[in-house]
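>
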Amino acid sequence: MTSTAWRPPLELPFHWHAYDVGHLLPEDWAEALLAVAREHAVRRVFRPTMTTAREVADVRIPMHSVDGEVLRRAAPWTFELYSGWFKELGERTAEEKLQETSTDNRALSLNIQDGITMRYPCHVDSNPMQGLLYLTTCTEETGGALVVARDRAARTVADVDADALRIYPAKGQLYFFDARRHAHYVEPLRRPDAVRAVLTMNYYSPSCPETQRPAGLDEQLFSR
104 MTSTAWRPPL ELPFHWHAYD VGHLLPEDWA EALLAVAREH AVRRVFRPTM
154 TTAREVADVR IPMHSVDGEV LRRAAPWTFE LYSGWFKELG ERTAEEKLQE
204 TSTDNRALSL NIQDGITMRY PCHVDSNPMQ GLLYLTTCTE ETGGALVVAR
254 DRAARTVADV DADALRIYPA KGQLYFFDAR RHAHYVEPLR RPDAVRAVLT
304 MNYYSPSCPE TQRPAGLDEQ LFSR
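Numbering (my numbering), first residue to last: 104 to 327.
Shown next, in the form of structure tokens:
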């Protein structure tokens, strides 16, 4: 290859930042949130009706989650982290200040996968900064990878899988990234006894305010 045969891309490739925070959180924090999930998680069926979905039109995907309004009551310390320390950590990876959402449900969600039939739907984000605090560890053996398309034109799970990054998170890791232009989903678990649990956090910013959130997204995610 000669020096004139290749040029770096104009757009940044997908990238993320991970903090190791589990050992700094309150004792038994993950077990406490898993107990909240066992008591309060509800099951829904996802249908890809919003513009950020990257699924075939007729797909139906089971989801299992605890909404932010419930977390506010059952685990208020998660909101203290969301609006405090975690927000500060997220801003270290952003080029501007981050903004909290206007509702608890938009702010936080505790997503659970159990068994081998569930996955999280393929989509792009509407918010410029996503935070993910993992309660469990995933490996190639257990499955449950976060699968991210390198190709910004990916429109389906098959497109994502054709050229993808696979991220296997560990308990106590806090991830931040901007996936507004990279379709991504969570693959199914490979063991019937495996569990994948993650606390998700949404942040907006002055350059990408909450008013850009797609219409109908709340109804899709929070309606039973």
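All C-beta atoms in this analysis are idealised placements derived from N, C-alpha and C, irrespective of residue type, glycine included.
Taking the straight line between their C-alpha atoms, what separation do you get for Val260 and Val159?
On the sequence shown, position 157 is the one that residue 260 refers to. On the sequence shown, position 56 is the one that residue 159 refers to. About 8 Å.
> Give the C-beta separation of Ala163 and Val148 to the nearest angstrom, bearing in mind that I take them to be a contact with Cβ-Cβ under 8 Å.
Within the sequence shown, numbered from 1, the residue matching residue 163 stands at position 60. Within the sequence shown, numbered from 1, the residue matching residue 148 stands at position 45. Sequence check: residue 163 is Arg here, not Ala. About 5 Å; that satisfies the 8 Å criterion.
> Are the CB atoms of Gln216 and Arg299 nearer to each other than 8 Å?
To locate residue 216, count along the sequence shown from 1; it is residue 113. To locate residue 299, count along the sequence shown from 1; it is residue 196. Their beta carbons are under 8 Å apart, which means Gln216 touches Arg299 by this criterion.
> When you compare only the Cα positions, how much space is there between Val301 and Thr107?
Here residue 301 refers to the residue found at position 198 when the sequence shown is read from its first residue. Here residue 107 refers to the residue found at position 4 when the sequence shown is read from its first residue. Rounded to whole angstroms, Val301 to Thr107 spans 45 Å at the Cα level.
> Quick one: Cα of Gly319 to Cα of Asn208, how far?
Counted from its first residue, the sequence shown places residue 319 at position 216. Counted from its first residue, the sequence shown places residue 208 at position 105. Near 14 Å, if we compare the C-alpha coordinates of Asn208 and Gly319.
> Under 8 Å: do the region 240-250 and the region 131-138 share three or more Cβ pairs, one atom per stretch?
Because the criterion of three Cβ pairs below 8 Å is not met, the region 240-250 and the region 131-138 do not touch.
> According to the neighbour-count rule (16 or more other Cβ atoms, all chains shown, within 10 Å of its Cβ), is Asp266 buried or exposed?
The residue labelled residue 266 in the question sits at position 163 within the sequence shown. When all chains shown are included, Asp266 counts as exposed.
> Answer yes or no: do Gln315 and Phe280 have a C-beta to C-beta separation smaller than 8 Å?
The residue given as residue 315 occupies position 212 in the sequence shown. The residue given as residue 280 occupies position 177 in the sequence shown. Their beta carbons are not under 8 Å apart, which means Gln315 does not touch Phe280 by this criterion.
> Does DSSP classify Val251 as helix, strand or coil?
Translated into positions along the sequence shown, residue 251 becomes position 148. Correct three-state label for Val251: strand.
> Is His103 helix, strand or coil by DSSP?
Residue 103 falls outside the range modelled here, since the chain spans only 104 to 327, and no answer is possible.
> Can you say whether Ala273 is buried or exposed, counting buried as having 16 or more other CB atoms within 10 angstroms of its CB?
For the purposes of this step, residue 273 is identified with residue 170 of the sequence shown, where counting begins at 1. So Ala273 ends up on the exposed side.
> Can you name, in chain order, every residue of its own chain whose Cβ lies under 6 Å from the Cβ of Gly218, other than the five neighbours on each side?
Position 115 of the sequence shown, counted from the start, is the residue given in the question as residue 218. Correct list, in chain order: Pro295.
> Taking all protein chains shown into account, do 16 or more other C-beta atoms lie within 10 angstroms of the C-beta of Pro224, making it buried, or fewer, making it exposed?
Indexing the sequence shown from 1 puts residue 224 at position 121. Pro224 comes out buried.
> Which residue marks the beginning of the beta strand (DSSP E) containing Arg299, and which one marks its end?
Here residue 299 is taken as the residue at index 196 of the sequence shown, counted from 1. First-last of the beta strand (DSSP E) with Arg299: 298-306.
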